[in-house]
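Asker: Residue numbers (the working numbering): 706 to 801.
Glycine included, every Cβ here is placed at the ideal spot set by N, Cα and C.
Note that the structure is predicted; figures quoted are calculated from it, not measured.
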Amino acid sequence: TLAGMVESTSGCISEHAIEHALSALHPNLPHGAGLIMISREYYALIAQKGACGERMVQMAKALGNAGAERATDFVAALVSLQKRCGVDGLKMSDYG
């Protein structure tokens with residue numbers, strides 16, 4: 706489909722594709738909620754593997770952690786944002 710072509714050429718990461726598989730199996734799961742639910746573990750694995758450390762440091766800084774030095778700082782900043790927004794407790798069972 707056109708949407709799949711756009712995802713393939715726009716730089717979407719695999720987290721996006723993983724979530725589409727989840728919401729395909731669970732039609733009541735909103736796309737954004739699925740992304741939130743898998744994001745912590747997804748990015749923790751990316752940070753652990755050292756796949757794109759400097760980019761993750763820059764993303765941590767963009768989320769307000771001016772002193773970020775490690776990829777894991779992004780994961781912490783992301784989780785902090787999720788908590789401030791009240792979405793850190795989302796679970797698959799909330800959607801059936």
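Since LEU768 and ALA782 are thought to touch, with beta carbons under 8 Å apart, how far apart are those beta carbons, to the nearest angstrom?
Answerer: Locating residue 768 in the sequence shown gives position 63, counting from the first residue. Locating residue 782 in the sequence shown gives position 77, counting from the first residue. Correct: roughly 4 Å between the Cβ atoms.
Asker: Count the C-beta pairs between the stretch 739-757 and the stretch 771-778 that are closer than 8 Å, then say yes if the count reaches three, no if not.
Answerer: At 8 Å Cβ cutoff, the stretches touch.
Asker: Using a Cβ-Cβ cutoff of less than 6 Å, which residues in the same chain neighbour ASP793 once the five nearest sequence positions on both sides are dropped?
Answerer: Counted from its first residue, the sequence shown places residue 793 at position 88. Excluding sequence neighbours, ASP793 sits near GLN787.
Asker: Which residue wins for smallest C-alpha separation from SER719, given the options ALA756, SER798 and ASP799?
Answerer: Here residue 719 refers to the residue found at position 14 of the sequence shown. Selected option, being the one with the closest Cα: ALA756.
Asker: Along the chain, where does the alpha helix (DSSP H) containing ASP778 start, and where does it finish?
Answerer: Start at 1 with the first residue of the sequence shown, and residue 778 comes out as number 73. Its alpha helix (DSSP H) spans residues 776-790.
Asker: Would you tell me roughly how many angstroms separate the C-alpha atoms of GLN724 and SER744, rounded to the nearest one?
Answerer: Residue numbering aside, residue 724 sits at position 19 when the sequence shown is read from its first letter. Residue numbering aside, residue 744 sits at position 39 when the sequence shown is read from its first letter. In the sequence as displayed, the identity of residue 724 is Glu instead of Gln. Spanning the two alpha carbons is a distance of roughly 10 Å.
Asker: By how many angstroms is the C-alpha of GLY739 removed from the C-alpha of SER859?
Answerer: The shown model of the chain, from 706 to 801, leaves out residue 859, and the question about it has no answer.
Asker: Indicate whether ASN733 and GLY791 have their beta-carbon atoms separated by less than 7 Å.
Answerer: Against the sequence shown, residue 733 aligns to sequence position 28. Against the sequence shown, residue 791 aligns to sequence position 86. Not closer than 7 Å, so no.
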